[in-house]
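Engineer: Starting off with a structure, shown below.
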Amino acid sequence: MPRIFPFRIPVAAGDIDANEHVNNLAYLRWMQEAAWAHSTAQGWTRERYRELGSGWFVRSHFIEYLRPAHPGDVLLLHTWVGEMKAGSCVRRFLFLREGAEQPVATARTRWAFVDLASGRPVRIPSEVSSAFPIVPDGDPELAKLLKERRAGKGAN
4 MPRIFPFRIP VAAGDIDANE HVNNLAYLRW MQEAAWAHST AQGWTRERYR
54 ELGSGWFVRS HFIEYLRPAH PGDVLLLHTW VGEMKAGSCV RRFLFLREGA
104 EQPVATARTR WAFVDLASGR PVRIPSEVSS AFPIVPDGDP ELAKLLKERR
154 AGKGAN
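When the letters of the sequence shown are read in order and numbered with this note's numbering, they come out as residues 4 to 159.
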């Protein structure tokens, strides 16, 4: 499976807010959907987490909006795990406009690994952590994706 997981998003009318661009809640929804799609592709489905008795809970989100997305746009959301500690990980996201490959937003989410019965944080089992290769800042594959962001940041 790819270390940096691609997720294609056609922007629909329901994703648009009163300012005629994608609503911030749509970005959060897409981040959640992409994280689950990546996890499933790595063999970790919702059912498998339930069988394990543990799963991921969001601790925090950060989104930086670089330019607006509009109805009819198609976004390519790339997601990867940038850091994993004993009981948490940071998943990163890059939203690009398809075709022009213009960066639209970047984001990161800190996830805690939690025991489903108690609701308390627990250590991430090796069978889970080993399913998600870490893509550090400066990784060549990541650098190739991010070059569009550096080249186009701030332009509309």
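The beta-carbon is built from N, C-alpha and C at its ideal position, and this holds for glycine as well. As the structure is a computational prediction, the values presented were derived from the model and not from experiment.
1) Nearest to Y68 by alpha carbon, out of L79, W39, V25?
2) Return the residue from the list G17, F10, Q35 that minimises the CA-CA distance to W114.
3) In the DSSP assignment, the beta strand (DSSP E) including M34 goes from what residue to what residue?
4) Quick one: what's F10 bridged to in DSSP?
5) Which class does K150 belong to by DSSP, given the choice of helix, strand or coil?
6) Strictly under 7 Å for the Cβ-Cβ distance: is V77 near chain B by that measure?
7) Give a yes or no on contact between the region 98-106 and the region 38-54, applying the rule of three or more CB pairs nearer than 8 Å.
8) Might you give, ordered along the chain, the residues of its own chain that have their beta carbon closer than 7 Å to the beta carbon of D76, omitting 5 neighbours on each side?
9) Which residue from N27, A37, G141, D20 puts its Cα closest to that of G85?
10) Taking all protein chains shown into account, do 16 or more other C-beta atoms lie within 10 angstroms of the C-beta of D18, making it buried, or fewer, making it exposed?
11) Along the chain, where does the alpha helix (DSSP H) containing S63 start, and where does it finish?
12) Is the beta carbon of A38 sitting closer than 7 Å to the one on R95?
13) Check the DSSP bridge columns for D118 and list the partner residues they point to.
14) Whose C-alpha, out of L149, L119, I137, is nearest the C-alpha of S57?
Structural biologist: Reading from the atomic positions:
1) Among L79, W39, V25, the Cα nearest to that of Y68 belongs to V25.
2) The shortest Cα separation from W114 among G17, F10, Q35 belongs to Q35.
3) From DSSP, M34 is part of no beta strand (DSSP E) but of the alpha helix (DSSP H) over 27-44.
4) F10 is bridged to L80.
5) DSSP places K150 in helix when its eight states are reduced to three.
6) The chain inventory of the structure shown lacks chain B, comprising one protein chain alone.
7) Three or more Cβ pairs closer than 8 Å define a contact, and the region 98-106 falls short of that threshold against the region 38-54.
8) Cβ-Cβ distances below 7 Å link D76 to V14, R100 in the same chain, with the five nearest sequence neighbours on each side left out; the list follows chain order.
9) It is G141.
10) With 16 or more other Cβ atoms within 10 Å, it is buried.
11) S63 -> not in any alpha helix (DSSP H); beta strand (DSSP E) instead, spanning 57-68.
12) No; because the gap between Cβ atoms is not below 7 Å, this pair is not in contact.
13) Per DSSP, S57.
14) Proximity to S57 across L149, L119, I137 peaks at L119, based on C-alpha coordinates.
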